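FYI, the numbering used here numbers position 15 of the sequence shown as 380, with every residue one higher than the one before it.
We put the CB at the ideal spot given by N, CA and C, even for glycine.
Predicted model only: the values in this text are computed from it and were never measured.
Working notes for the structure below.
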Amino acid sequence: MWERVAETGDFRAAFNAGLYHDHAAEKRDQPANPAKAARFYRIASAKGHVPASTNLGLLLLCRPELAASLDEGQAFLKLSYDHGDAKAGEAFKFGSSAESVGELVCAPSQVKLDSDTDRASDKLHQRHFVRTLRSLAR
């Protein structure tokens, strides 16, 4: 559903498709597909969607095989931070230790997809960063 609209360049559809392939597919007894999630997050990020850039950065830290370079995940987190996402800055600061950031961030979260992208985005961010900060505090 979102994929067809995302292919036209709609950043909200791309972000929702990314969320679906990153996490929500598992709620429907389908495996997550990180490669597709990254693809759709890239589309949304290219349109300036900051939460997509953050999610892509975290995903690339967790799944470096999807990144074009070792620093690509960090670059997306810095981009988000530079555009006002302070939480991305926290992950960026600790991102050099991908293991500590990735341990809990990469665990599937239970994201409820919502037609209101901002509400879904906020819920996802809260879960990602709470996990990230808890793992770093250990």
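Quick one: using the 10 Å Cβ neighbour count with 16 as the cut-off for buried, is residue i buried or exposed?
i, result
"residue 414", "buried"
"residue 410", "buried"
"residue 377", "buried"
"residue 387", "buried"
"residue 394", "exposed"
"residue 337", "Absent from the model: residue 337. The displayed extent of the chain is 366 to 503, so no value can be given."
"residue 480", "In this prediction, residue 480 scores a pLDDT of 40, lower than 50, which makes its location untrustworthy; the coordinate-derived value is nonetheless stated afterwards. It is exposed - the Cβ of residue 480 has fewer than 16 other Cβ atoms within 10 Å."
From the options, pick the residue whose C-alpha is nearest to that of residue i; which is it?
i, options, result
"residue 367", "408, 392, 425, 437", "408"
"residue 418", "399, 395, 458, 439", "439"
"residue 426", "369, 385, 399, 381", "399"
"residue 375", "396, 397, 412, 384", "412"
"residue 397", "455, 456, 457, 428", "428"
contact_flag[the segment 440-447, the segment 386-404] where n(CB pairs < 8 Å) is 3 or more: no
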